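Undergrad: To convert, note that position 27 of the sequence shown is 27 in the UniProt record's numbering; the numbers rise steadily by one, no gaps.
Don't be surprised by glycine CBs; every beta carbon is placed ideally from N, CA and C.
Given the structure is predicted, the values throughout are model-derived calculations rather than measurements.
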Amino acid sequence: MLPTPQFTADLSFHFRGHGVDRRRWFLFDESLHRRVPMQMAGVDGLNTVGMWVDKAHTFHAGESVRVRCVVIAPDLFSSVVKPGVEFELWDGGFFASGVVCERVDAGWPK
C-alpha cells in the first residue's frame, strides 16, 4: 500500500550534474518507487525524498513526470513545502529539477 503523499511535484530530467561518462537516464521500475537525495529551497543540505509514479518508465533528458512525494525528515520540510517551491534531485550530481504542485496536508505528521 502506498503512503499518503506529503506533496505532488513535476520533475524535469536534465542530468546537468552528470558527465558524459555517467548514465543519463533514471528508472522507475515495477515497484513504481525511488528514493534519492533532494535539495529544496529553504532547507539546508541534501535530504532523502521517496517518490512514486503511476507506471514504470526510464526517463531521459528532456522528459518530465508528476510524482507523489514523502520526505524522510518531515520536520525539516513542513514549513517549506507549498506550491511553487523548487528543488533538485541528486545522484552523484544533480539530474532533475522539480517544482511542488500541491501540498497534501493529510500526509504530514500531526
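#1: Thinking just about the alpha-carbon of each residue, which of Phe26, Ala9 and Phe15 is nearest to the one in Pro83?
#2: If Val80 sits next to Gly42, beta carbons under 8 Å apart, how far is it from one beta carbon to the other, in whole angstroms?
#3: For Pro5, count neighbouring C-beta atoms within 10 Å of its own C-beta (all shown protein chains included) and say buried if the count is 16 or more, exposed if not.
#4: What residue range is occupied by the uninterrupted beta strand (DSSP E) comprising Pro109?
#5: From which residue to which residue does the alpha helix (DSSP H) around Phe77 run?
#6: By how many angstroms is the C-alpha of Leu2 removed from the C-alpha of Ser31?
#7: What first and last residue would you give for the beta strand (DSSP E) that runs through Leu11?
#8: Please report the distance separating the alpha-carbon of Val71 from that of Val99.
TA: Let's see:
#1: Comparing Cα-Cα distances from Pro83 to each of Phe26, Ala9 and Phe15, the minimum goes to Ala9.
#2: For Val80 against Gly42, the beta-carbon gap comes to about 4 Å, under 8 Å, which counts as contact.
#3: Buried, because 16 or more other Cβ atoms sit within 10 Å of the Cβ of Pro5.
#4: Secondary structure note for Pro109: it is in no beta strand (DSSP E), with a DSSP letter that is neither H nor E.
#5: Boundaries of the alpha helix (DSSP H) around Phe77: Pro74 to Phe77.
#6: If you take the alpha carbons of Ser31 and Leu2, they lie about 10 Å apart.
#7: Where Leu11 is concerned, the enclosing beta strand (DSSP E) starts and stops at Phe7 to Phe13.
#8: Straight-line measurement puts the Cα of Val99 at about 15 Å from the Cα of Val71.
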